[in-house]
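As structure tokens, the structure follows; a few thoughts come after it.
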Amino acid sequence: MLKIEHLKKQYDNFSLDCSLEVQKGTITGLIGQNGAGKSTTFKAALGLIPFDSGKITLLGKDSKELTPKEKEKLGVVLSDSGFSGYLRIKDIVPILRTMYSEFDEDFFTKQIQRFQLPVDKRLNDFSTGMKAKLKVLVAISHHAKLLLLDEPTAGLDVIARDELLLMLREFMEKDEECAILISSHISSDLETLCDDLYMIHDGRTILHEETDVLLSDYALLKVDPEQYKELDKQFILRYKEESYGYSCLTNQKQFYMENFPKIVIEKGSIDEVIMMMVRGRE
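Note that this note's numbering has the sequence shown beginning at 457, numbered continuously upward.
Set out below in structure tokens:
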């Protein structure tokens, strides 16, 4: 559905070198701190900014060769885009009819009612959560095959985030031929939603793993200096000095449980994995 190969983009104080792939029938997460390069990756994939080198394949074609009709199969949410705040939902419907040949007005209307979005209220007066839900509803209301969602849950409270993630789960349940690429700096959102995760830091992809594997096989080893000296380090991804000795990130928890039963082994959260990948030493 989407394949990005060695995408490179150079700015004065930032460089991007990113590769990732989104398979049909999957939800792929792109996670990283603000400024890591997530939005740049989305905009380059959509042709909104030029890139220096690399290859982007969208829906089986070079991204630069997509026809307007084929682009309708993309549902897009960007953090810095949206409709004019002076418009109301009832003003947006005819615009969507014109923009998308397969706009499903009946579905859109039912979802607007379901999520209690006011049709006569100007978007300027919408809450952050209401605006976010409207953006996603637009993206899923014209029979898109691939959703590209850049930070759709940013700034939302827990309830609004849960409702938005529910929309995405239902979108995938309706059609197994679809796929989603979603970015966030909130790991808990992606942990429960995504099949696999890419971690990006300073413009580089530093880790790609299936979410289930991240949650089951990754762990933090807490060892004193003597234990660290004796530790088999072939499955250590990163390590960091601590007051008690060292913390070590591994993707082979079972190996260390079986072979080093005396060391402290803690299940690592995705946030902890990110912190170790970013701040730990190889």
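All C-beta atoms, glycine included, are put in the ideal place defined by N, C-alpha and C.
Legend entry - alpha helix (DSSP H) segment containing M623, residue limits: Working through the sequence shown from its first residue, we reach residue 623 at position 167. First-last of the alpha helix (DSSP H) with M623: V614 to K630.
Inset, instruction - State the start and end residues of the unbroken alpha helix (DSSP H) segment that holds A588. - result: On the sequence shown, position 132 is the one that residue 588 refers to. From DSSP, the alpha helix (DSSP H) with A588 extends over T584 to I596.
Legend entry - G701 - partner residues in DSSP beta bridges: To locate residue 701, count along the sequence shown from 1; it is residue 245. Answer is E698, bridged to G701.
Legend entry - From A675, R578 and I505, residue whose alpha carbon lies closest to that of I726: Here residue 726 refers to the residue found at position 270 when the sequence shown is read from its first residue. Nearest of A675, R578 and I505 to I726, Cα basis: A675.
Legend entry - Three-state class that DSSP yields for K520 in the structure shown: What you label residue 520 is simply residue 64 of the sequence shown in a count that begins at 1. DSSP places K520 in helix when its eight states are reduced to three.
Legend entry - Cα-Cα separation, I719 to F711: If you number the sequence shown from 1, residue 719 lands on position 263. If you number the sequence shown from 1, residue 711 lands on position 255. Distance between the alpha carbons of I719 and F711 is about 12 Å.
Inset, instruction - Please report the Cβ distance between Q479 and M457, rounded to the nearest whole angstrom; I am assuming they are in contact, meaning their Cβ atoms lie under 8 Å. - result: The residue you call residue 479 lines up with position 23 of the sequence shown. The residue you call residue 457 lines up with position 1 of the sequence shown. Sure, about 7 Å apart at Cβ, within 8 Å.
Inset, instruction - Could you give the DSSP three-state label for S537: helix, strand or coil? - result: Walking along the sequence shown from the start, residue 537 turns up at place 81. Residue state, collapsed to three classes: coil.
Legend entry - Cutoff 6 Å; reference Q569; Cβ partners in own chain excluding five residues on either side: Within the sequence shown, residue 569 is the residue found at index 113, counting from 1. Counting only Cβ-Cβ distances below 6 Å, and skipping sequence neighbours, we find nothing.
Inset, instruction - Give the secondary structure of Q466 by DSSP, where H, G and I count as helix, E and B as strand, and everything else as coil. - result: Within the sequence shown, numbered from 1, the residue matching residue 466 stands at position 10. Note: Q466 maps to strand in three-state DSSP.
Inset, instruction - With DSSP as the reference, label L502 as helix, strand or coil. - result: The count along the sequence shown starts at 1 and reaches residue 502 at position 46. The answer is coil: DSSP assigns L502 none of H, G, I, E or B.
Inset, instruction - For the alpha helix (DSSP H) holding L747, just list the boundary residues, first then last. - result: The structure shown does not extend to residue 747, since the chain is modelled only from 457 through 738, so no value can be given for it.
Inset, instruction - Could you say which of D606, I615 and D668 lies nearest to A500 if we only look at CA atoms? - result: One-based indexing of the sequence shown puts residue 500 at position 44. For A500, the nearest C-alpha among the options comes from D606.
Legend entry - Unbroken alpha helix (DSSP H) run spanning L604, endpoints: To locate residue 604, count along the sequence shown from 1; it is residue 148. From DSSP, L604 is part of no alpha helix (DSSP H) but of the beta strand (DSSP E) over L602 to D606.
Inset, instruction - Indicate, with yes or no, if the ligand COA has a heavy atom lying under 7 Å from the CB of C634. - result: Absent from the structure shown: the ligand COA. Ligands present: none.
Inset, instruction - Assign M457 to one of three DSSP states: helix, strand, or coil. - result: As a position in the sequence shown, residue 457 is number 1, starting the count at 1. Shown here, M457 sits in coil according to DSSP, grouped into three states, outside any helix or strand.
Inset, instruction - Could you tell me if P608 is buried or exposed, where buried requires 16 or more neighbouring beta carbons within 10 angstroms of its beta carbon? - result: As a position in the sequence shown, residue 608 is number 152, starting the count at 1. With 16 or more Cβ atoms within 10 Å of its Cβ, P608 is classed as buried.
Legend entry - Whole-angstrom distance between F627 and E526, CA atom to CA atom: On the sequence shown, position 70 is the one that residue 526 refers to. On the sequence shown, position 171 is the one that residue 627 refers to. Distance between the alpha carbons of E526 and F627: 19 Å.
Legend entry - Buried versus exposed, by CB contacts within 10 Å (16 or more), K709: As a working note, residue 709 is residue 253 in the sequence shown. By the 10 Å Cβ count, K709 comes out buried.
Inset, instruction - Can you have a look at Y700 and say buried or exposed, based on whether 16 or more other CB atoms are within 10 angstroms of its CB? - result: As a first step, residue 700 is located in the sequence shown; it is residue number 244 there, counting from the start. Label assigned to Y700: exposed.
Legend entry - Three-state secondary structure (DSSP) of I487: In the sequence shown, counting from the first residue as 1, residue 487 sits at position 31. Residue state, collapsed to three classes: strand.
Inset, instruction - Can you tell me which of the three DSSP states T497 falls into? - result: Residue mapping note: residue 497 aligns to position 41 of the sequence shown, counting from 1. T497: helix per DSSP, three-state reduction.
Inset, instruction - Could you tell me whether the Cβ atoms of S640 and G485 are closer together than 8 Å? - result: Residue 640 sits at position 184 when you count from the first residue of the sequence shown. Residue 485 sits at position 29 when you count from the first residue of the sequence shown. Against a cut-off of 8 Å, the Cβ pair of G485 and S640 comes out as a contact.
Inset, instruction - Report the residue from V592, L522, I483 and D473 whose alpha carbon sits nearest the alpha carbon of K494. - result: Walking along the sequence shown from the start, residue 494 turns up at place 38. Answer by Cα proximity: D473.
Inset, instruction - Out of M733, P550, V594 and F539, state which residue places its alpha-carbon closest to the alpha-carbon of D581. - result: Here residue 581 refers to the residue found at position 125 of the sequence shown. If we check each option's Cα against that of D581, F539 comes out closest.
Inset, instruction - Give a yes or no on contact between the region 683-691 and the region 645-662, applying the rule of three or more CB pairs nearer than 8 Å. - result: no
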